[in-house]
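Participant: Residue numbers (full-length UniProt numbering), protein chains in the order written: chain V, 1 to 454; chain Z, 1 to 454.
Heads up, the beta-carbon is just placed ideally off N, CA and C, and yes, glycines get one too.
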């Protein structure tokens, strides 16, 4: 195999939203950019799928929040159409052997459980406001909070089984981890970066406000179209070298020589590249201590959203089956009904490793329990297990393990020589969201622009 | 660059003690073996260094335990000479602003602190005996123990600052992690696999009993000599493919086609290989949730072991500087004095990223505080920061983060199709020791032999 060589101003590793946003900003500034993508498609942790009937669905990221300004800018720039998330009717919370119902999910539990969960949420809001957004490790009691799992905090704070289970489902569905797998500090920081609990729990500034008619993947596709042949698909970068005044990005087929490089990937995947330049001990430790979450995203499609006429919103938070969360995902293009469910955390690992047919049956059992027998008999079922998806190795995001933020968290985004780190996890605002990915791409573009103009 | 092809019975990735032991066992059984090593040397996390005066020292693993039978077998087979660890005289424990002294390290603290530490150790011994060695995740309260950090357990259990600090130093020195970074379950399992606290704390069956005259690296070198040109240095395996009835190990220069493959590396480094065969979701999650520890190993060399005549054993356990532990490392070949110190856990990350000269000064300050001004003025100082050592990315070992063992710990050693996992971490007995590495290599050799004879 022959190796080709080419030279560019900036090389970007990863054509997810972060890498594409960085490429767009740098190209607009006149930089010659090359974007190297391991997959055969752009879009990273967004993933489009076409149903047998032709409608697109999002097997990866799908929701845009009301305050996701950079993403909403792109929606406007590309003349795309938003579709409001359906939320009329009754939410269900299936915990502690019962299914509780209420128009507002977190008010569904019986009084004592509702009270202890509300107090826990209020305490989280108080605590997270003392965590600095840009440097959570500088919070006043950062050491103690980083040495305590969220599980320990939950057991000390929440007094009923039903409320504990609802909290577990909330953590799994929102952050794709078990409460045992993150520290209180990293949880508070994640809530902080998500605009607070109000936003995450469907209140003000809610993060699950809109989908995109035609599918979220259009964002990446349109960004990529504008970049043309600057994007090279199917070219995983194996090694990054530093030679003299340049950086080399080495793939199986080619060497790209660039002035500056952006690694726009999740930290654990960025850690799998071989770096022939001195990274810090903290950076090395961080990429090993910030694993991807675990999630399977499941869709069931029906002739119509029949649960609406039953007064149901389609929203479920649960621990009684394998789905942690369910939401209405009715198809904007045709109005056909769809439910989207998330198997998350430990359940996701267990069910990723089981046969798809068995998983389908189990998910449909869950849906039938919440929405009646019609839900168990969809026209079509499709799911995607992100833990075994190559070049993702998990989803939605990477979270720091306990004892990580205070020991090496500061190595998350600081550039190393001419190497810049982007990706949803590196954003301080909306970390872990598409909005964070786009912001991180713009941030590194600014860092590179400033280095070149100084 | 042209790609060469060759065919073998078994391909082994990694020429540390695990890979070499597997190769030795399989070669003895008549298998044609190839061992692919990324570094330009064999020996993995053992590392030899020659002082300017010509004596060898071990910058990596160095101690052999009294019950490390497989390693002791190799010592005998290669006609190597053991050197007993010096432990006469007074140990020091430098915590809570004072330096306490006693012939037995863990009896040095004042009465109340000694009592609470001893009770904690007794409790650990009781608890760890309920953890099954081969499947810690099946312990009766595994879920709760895996959701609690060792830090939380320590704060609940140990009642004085001095005892807490001594415990911190013990955990850092023995396991190269902060108590915040591992769960109670993974700690109990590690103690269990080390033969219990007696062995780790220098009692019966002690793990730090012997060194090897001439350096521990001789074990790997002699194993490698017997294997001859089956070992290929400087060839990192980038990808492992499964095609038909064979497995391909792909390096930058060559494709090796084999019937069975052994990955004999730490789990996080094994996770950096690209696998073109279906690994489980659990396996993918595990390699992301089992980071390497953090350690800098430091040597100071003197004309003679002057501390001995002062009545000191050379042994220190400390939190008052940056060294967590110090031990006598007097050179068997010449009798010149040497002290070995370990900067471990969070301190190791911080000091890995500082200039070596600054680190040297700081370590020598610590040694002078424990052993007087002569200790601050060595003939030679050398250290090795393992977190930034390529193809190690940390040391001594990988430990599971909280919430890992109960969710994906079962993916640690089970073979996947024709892929076998070896390495010190995969041993059930003496996990994390050289003895565990050798045992793991023999275990996979047996697994492969059995597959071929069935």
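Runs of 4 residues minimum, wholly inside the region 68-95 of chain Z: which ones carry the alpha helix (DSSP H) assignment?
Facilitator: Within the region 68-95 of chain Z, the complete alpha helix (DSSP H) runs of at least 4 residues are 69-77.
Participant: Does any C-beta atom of chain Z lie closer than 8 Å to the C-beta of residue 22/V?
Facilitator: Taking Cβ atoms only, chain Z never reaches closer than 8 Å to residue 22/V, which makes this a no.
Participant: Would a check of beta-carbon distances place residue 285/Z closer than 8 Å to chain V?
Facilitator: Yes, residue 285/Z counts as interfacial toward chain V.
Participant: Measuring CA to CA, which of 73/V, 83/V, 8/V and 67/V is closest to residue 334/V?
Facilitator: Of 73/V, 83/V, 8/V and 67/V, the residue nearest in Cα terms is 83/V.
Participant: Does the beta carbon of residue 268/Z come closer than 8 Å to any beta carbon on chain V?
Facilitator: At least one chain V Cβ lies under 8 Å of residue 268/Z.
Participant: Return helix, strand or coil for residue 421/Z, following the three-state DSSP convention.
Facilitator: Strand, per DSSP.
Participant: Cβ closer than 7 Å: which chain V residues qualify as neighbours of residue 434/Z?
Facilitator: None at all; the shortest Cβ gap to chain V is about 22 Å.
Participant: Between residue 146/Z and chain V, is the shortest Cβ-Cβ distance under 8 Å, so that the two count as touching?
Facilitator: It does: the Cβ of residue 146/Z has a partner Cβ on chain V nearer than 8 Å.
Participant: Any idea if residue 23/Z is buried or exposed, counting beta-carbon neighbours within 10 angstroms, 16 or more meaning buried?
Facilitator: Under this definition residue 23/Z is a buried residue.
Participant: Can you tell me whether DSSP reads residue 170/Z as helix, strand or coil?
Facilitator: Helix.
Participant: In chain V, which residues lie with their C-beta within 7 Å of the C-beta of residue 282/Z?
Facilitator: Neighbours of residue 282/Z on chain V, chain order: 349 and 353.
Participant: Anything in the region 101-126 of chain V with a Cβ closer than 9 Å to a Cβ of chain Z? List those residues in chain order, please.
Facilitator: Within the region 101-126 of chain V, no residue has a Cβ that lies closer than 9 Å to any Cβ of chain Z.
Participant: Counting only Cβ-Cβ distances shorter than 7 Å, please list the residues of the region 289-306 of chain Z near chain V, keeping chain order.
Facilitator: Listed in sequence order: 289, 291, 292 and 294.
Participant: So, is residue 156/Z buried or exposed, given that buried needs 16 or more other C-beta atoms within 10 angstroms?
Facilitator: Its Cβ having fewer than 16 others within 10 Å, residue 156/Z is exposed.
Participant: Take residue 178/Z and list the residues in its own chain whose beta-carbon comes closer than 6 Å to its own, dropping the five residues that flank it on each side.
Facilitator: Answer for residue 178/Z: 345 and 346, listed in chain order.
Participant: Starting from the C-beta of residue 283/V, find all residues in its chain whose C-beta is less than 6 Å away, skip the five residues before and the five after it, and write them out in chain order.
Facilitator: Around residue 283/V: 411.
Participant: In angstroms with no decimal places, state the Cα-to-Cα distance between residue 187/V and residue 55/Z.
Facilitator: Answer to the nearest angstrom: the Cα atoms are 50 Å apart.
Participant: Within 10 angstroms of the Cβ of residue 126/V, are there 16 or more other Cβ atoms? Answer buried if so, exposed if not.
Facilitator: Flag for residue 126/V reads exposed.
Participant: Give me the chain Z residues within the contact set of residue 178/V, using Cβ-Cβ distance strictly less than 8 Å, ordered along the chain.
Facilitator: Near residue 178/V (Cβ distances below 8 Å), the residues of chain Z are 147, 403 and 407.
Participant: Check the Cβ-Cβ distances between residue 181/Z and every residue of chain V, and say whether any is below 8 Å.
Facilitator: At least one chain V Cβ lies under 8 Å of residue 181/Z.
Participant: Is there contact between the region 11-20 of chain Z and the region 424-442 of chain Z, where contact requires at least three CB pairs shorter than 8 Å?
Facilitator: Yes, the region 11-20 of chain Z is in contact with the region 424-442 of chain Z.
Participant: If you reduce the DSSP assignment to three classes, tell me which class residue 292/V lands in.
Facilitator: The answer is strand: DSSP assigns residue 292/V an E or B state.
Participant: Residues in the same chain with beta-carbon distance under 8 Å from residue 356/Z, minus the five sequence neighbours each way, listed in chain order, please.
Facilitator: 383.
Participant: Ignore the nearest five residues each way along the sequence and tell me which others in residue 134/Z's own chain have a CB closer than 6 Å to its CB.
Facilitator: Hits under 6 Å: 428.
Participant: Pick helix, strand or coil for residue 216/V, following the three-state DSSP scheme.
Facilitator: Looking at residue 216/V - three-state DSSP - the assignment turns out to be coil, as it is neither helix nor strand.
Participant: What is the residue span of the alpha helix (DSSP H) that residue 258/V lies within?
Facilitator: Taken as a continuous stretch (DSSP letters only), residue 258/V belongs to no alpha helix (DSSP H), being part of the beta strand (DSSP E) at 254-264.
Participant: At 7 Å on the CB atoms, spell out the chain Z contacts of residue 151/V, in chain order.
Facilitator: What residue 151/V touches in chain Z: 147.
Participant: With DSSP as the reference, identify every bridge partner of residue 315/V, one or two as the case may be.
Facilitator: Looking at the DSSP assignment, residue 315/V forms no beta bridge with any residue, so it has no partner.
Participant: Could you compute how far the alpha carbon of residue 76/Z sits from the alpha carbon of residue 69/Z?
Facilitator: The straight-line gap from Cα to Cα measures roughly 10 Å.
Participant: If you reduce the DSSP assignment to three classes, tell me which class residue 247/Z lands in.
Facilitator: Reduced to three states, the DSSP call for residue 247/Z is strand.
Participant: Report yes or no: is there a C-beta of chain V within less than 8 Å of the C-beta of residue 388/Z?
Facilitator: Yes, residue 388/Z lies at the interface with chain V (some Cβ there is under 8 Å from its Cβ).
Participant: By the criterion of Cβ-Cβ separation under 7 Å, what are the contact partners of residue 344/V in chain Z?
Facilitator: In chain order: nothing, as chain Z lies at least about 12 Å away.
Participant: Identify each residue in the region 251-279 of chain Z for which the Cβ-Cβ distance to at least one residue of chain V is less than 9 Å, and report them in chain order.
Facilitator: Under the 9 Å Cβ criterion, the region 251-279 of chain Z contributes 252, 268, 271, 272, 273, 274, 275, 276, 278 and 279.
Participant: So what's residue 389/Z in DSSP terms, helix, strand or just coil?
Facilitator: Here residue 389/Z sits in coil by DSSP.
Participant: Please decide whether residue 43/Z counts as near chain V, where near means a Cβ-Cβ distance under 8 Å.
Facilitator: No, residue 43/Z lies away from the interface with chain V (no Cβ there is under 8 Å from its Cβ).
Participant: Using 10 angstroms around the beta-carbon of residue 287/V, count the other beta-carbons present and answer buried if the total reaches 16, otherwise exposed.
Facilitator: It counts as buried.
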